[in-house]
Amino acid sequence: MLRAIGSKVDLDKNGDSQYYSLVADLLESDVVNEMKQYTHHGNTTCFQHCLNVSYYNYKLCKFFSLNERAGARAGLLHDLFLYDWHTYVPPKGERLHGFTHAGKALENVRKNFYVTELECDIIEKHMFPLNITALPKYRETLVIVITDKVCGTMEVFAYRGLVIKEFFRRTFRKKSVE
Ligand SMILES: [Fe+2]
Ligand SMILES: [Fe+2]
Numbered sequence: 013m014l015r016a017i018g019s020k021v022d023l024d025k026n027g028d029s030q031y032y033s034l035v036a037d038l039l040e041s042d043v044v045n046e047m048k049q050y051t052h053h054g055n056t057t058c059f060q061h062c063l064n065v066s067y068y069n070y071k072l073c074k075f076f077s078l079n080e081r082a083g084a085r086a087g088l089l090h091d092l093f094l095y096d097w098h099t100y101v102p103p104k105g106e107r108l109h110g111f112t113h114a115g116k117a118l119e120n121v122r123k124n125f126y127v128t129e130l131e132c133d134i135i136e137k138h139m140f141p142l143n144i145t146a147l148p149k150y151r152e153t154l155v156i157v158i159t160d161k162v163c164g165t166m167e168v169f170a171y172r173g174l175v176i177k178e179f180f181r182r183t184f185r186k187k188s189v190e
């Protein structure tokens with residue numbers, strides 16, 4: 013079952029069908045599913061992170077009467093850089109992952125899918141203000157600037173919560189055995 017972090021809505025075929033209908037072709041593509049191989053924040057994969065951002069982009073864009081289709085699709089594709097950034101060693105002269113991955117993701121997206129100018133802007137500039145020169149041109153891009161950071165933070169805290177829970181579980185199990 014596909015779910016975004018903090019939500020109980022089923023996002024696959026049988027769930028929120030309006031959301032699913034906007035991204036069905038992407039969810040079924042091999043290149044998007046390849047993101048399941050790479051860890052992003054904590055124990056969250058790139059795929060799950062992109063699904064989280066995509067769903068909340070969709071909800072917020074809909075709420076503010078913006079282009080929810082572009083928000084959902086570009087959200088699902090915004091981190092399609094296709095490597096594990098924890099172990100990636102940039103070649104000499106290349107800037108750090110945080111500065112370069114949005115451009116790499118857009119390159120991969122263009123190779124695999126048709127994307128609108130608005131979707132390109134959302135993907136390319138989602139790291140603003142880290143990439144200070146990549147100024148968002150559309151309101152939908154401002155939405156992803158927020159959802160990306162909020163989802164990333166939730167993913168890290170969810171992972172830390174699991175680690176703390178496991179620590180207490182082991183500690184108290186030990187004591188009850190002693
Ligand atoms: Fe990113
Ligand atoms: Fe992201």
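All letters in the sequence shown, in the order written, are residues 13 to 190 by the numbering used here.
Just so you know, even glycine gets a beta-carbon here, dropped at the ideal spot from N, CA and C.
All values derive from a computational prediction rather than experimental measurement.
Just confirm the distance between the C-beta atoms of residue i and residue j, as a whole number of angstroms; I'd bet it's less than 8 Å.
i: Met-47; j: Thr-56; result: The Cβ separation is near 11 Å, so there is no contact.
i: Leu-108; j: Pro-102; result: 7 Å
So does residue i have its beta carbon nearer than 8 Å to some heavy atom of ligand 1?
i: Ala-114; result: yes
i: His-53; result: no
i: Ala-146; result: no
i: Ala-84; result: no
Within the same chain, show all residues whose beta-carbon is closer than 6 Å to that of residue i, passing over the 5 residues directly before and after it, in chain order.
i: Tyr-70; result: Tyr-31, Glu-80, Gly-83, Ala-84
i: Tyr-171; result: Gly-54, Asn-55
i: Leu-86; result: In the sequence as presented, Leu is not what sits at residue 86; that position holds Ala. Result list for Ala-86: Glu-131, Ile-134, Ile-135, in chain order.
Please state if the CB of residue j and the CB of residue i are separated by a distance shorter than 9 Å.
i: Leu-174; j: Gly-18; result: no
i: Lys-137; j: Leu-147; result: yes
i: Leu-92; j: Ala-16; result: no
i: Val-44; j: Leu-89; result: yes
i: Leu-72; j: Thr-165; result: no
i: Asp-24; j: Leu-34; result: no
i: Glu-178; j: His-61; result: no
i: Leu-118; j: Cys-132; result: yes
i: Ile-134; j: Tyr-150; result: yes
Tell me whether residue i counts as near ligand 2, meaning its Cβ is closer than 8 Å to at least one heavy atom of that ligand.
i: Cys-132; result: no
i: His-98; result: no
i: Val-155; result: no
i: His-61; result: yes
Apart from the five residues on each side of it in sequence, which residues of its chain come closer than 8 Å, Cβ to Cβ, to residue i?
i: Phe-140; result: Ala-146, Leu-147, Pro-148, Thr-153, Val-157
Can you tell me which residues fall inside 5 Å of ligand 2, judged by beta-carbon distance to its nearest heavy atom, and keep chain order? Asp-91, Asp-160
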